[in-house]
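Under the working numbering, the first residue of the sequence shown carries the number 1012, and numbering increases by one thereafter.
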Amino acid sequence: MTLSRYFALVFMFTAVLMSHRPANAQKELYQARLFIHEADTMPYRILIPDGFDGQKKYPLIVFLHGSGERGNDNQAQLVHGASLFSRPDVREKYPALVIFPQCATDDYWANMVDSLDADSSRQFAFYPDREAGKGMHMVMLLITQLASEKWVDQSRIYIGGLSMGGMGTFELLYRMPDTFAAAFPMCGGGNPETTQHFAKKVPLWIFHGQDDPVVKSEYSIAMAKAIKANGGTVKLSLYPGVGHDVWTPAFQEAELLPWLFSHHR
């Protein structure tokens, strides 16, 4: 049995089982999986469309969690964002495969170094040209594998993330600029010089709280300016009075999903 055939059978069997789950068990809809490559293993959760049909093609959404959800329990990464994509109305209107990979406790999605400056504010330096860390490497391999499956629409692969995951989103765009149809990083940041590699290829909607004490909004502002300067399409939503938790208002944006799913590569 080929790997593609195996995954098809697993997906279809799981889709049938999930169609009989109660609606109030939304997070249970995300099936636990392990992605194994050589000696490395990455836990991830996957949401399979209702009535999954292996002969159809579905969009793929990848969402990267923040540093507080790192680990290996394959649960913590569902804390933020999972409930939006598993809502019955969203699943009906936007059938898609949604994955939430989990980064190890001692790892980061992006190659970055943080430090405290003189006023105790956190500063971040990004080094995307360095070799990808284990988490980033595994996510890239997982995306590549899923994108090769016949039921994934390669023209509609989307990437998003919050905080550490927002930083990972920007780095993934740099490392895989021809993969994604749209991106939605939240309270993240990156190296503005990298935007020349993806600015004209991937539209972005960037979210940040203006009063974020953890990752200053200046990081998202700098990325948005660089994307525009390099001829890209970007929306920047800054929320006055909002701190680090920008994901709550971002996920409540009525236009987020229509905007996301409107894009094709």
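Cβ coordinates follow ideal geometry from the N, Cα and C atoms, glycine included.
If you check the CB distance, I1170 and L1183 come in under 8 angstroms. By the criterion of at least three beta-carbon pairs nearer than 8 angstroms, the region 1088-1102 is not in contact with the region 1184-1195.
Excluding its 5 nearest sequence neighbours in each direction, A1121 has C-beta neighbours in its own chain below 6 angstroms: M1178, G1179, E1182, listed in chain order. As the crow flies, the alpha-carbon of F1195 is around 16 angstroms from that of H1255. Between F1046 and L1215, the beta carbon gap of about 26 angstroms keeps them out of contact (Cβ cut-off 8 angstroms). Nearest in C-alpha terms to K1227, of all of V1257, Q1042, K1246, D1118, is V1257.
Take F1262, set aside five residues on each side of it, and the residues of its chain with a beta-carbon closer than 7 angstroms to its own are G1092, L1095, in chain order. Annotation for F1191: no beta strand (DSSP E) segment contains it, and DSSP assigns it neither H nor E. For I1238, the three-state secondary structure derived from DSSP is helix. For H1048, the closest of Y1041, K1246, N1241, M1149 by C-alpha to C-alpha distance is M1149. Of the candidates A1043, Y1069, M1123, A1043 places its Cα closest to the Cα of Q1113. In terms of Cα proximity to H1219, the closest of E1204, T1206, I1238, K1246 is K1246. With contacts defined by Cβ atoms closer than 8 angstroms, N1085 and P1054 form a contacting pair. DSSP links L1108 through a beta bridge to L1071.
8 angstroms or more divides the Cβ of G1176 from the Cβ of A1210. With distances taken between CA atoms, L1173 lies nearest to G1199 out of A1193, G1199, G1062, H1274. K1212 and D1223 have their C-alpha atoms some 29 angstroms from each other.
Around the CB of T1190, 16 or more other CB atoms lie within 10 Å, so the residue is classed as buried. Bounds of any beta strand (DSSP E) do not take in V1090, whose DSSP letter is neither H nor E.
Q1221 sits close to V1253, with the two beta carbons spaced by under 8 angstroms. Contact between the region 1062-1069 and the region 1158-1166 is present: three or more C-beta pairs spanning the two stretches fall below 8 angstroms.
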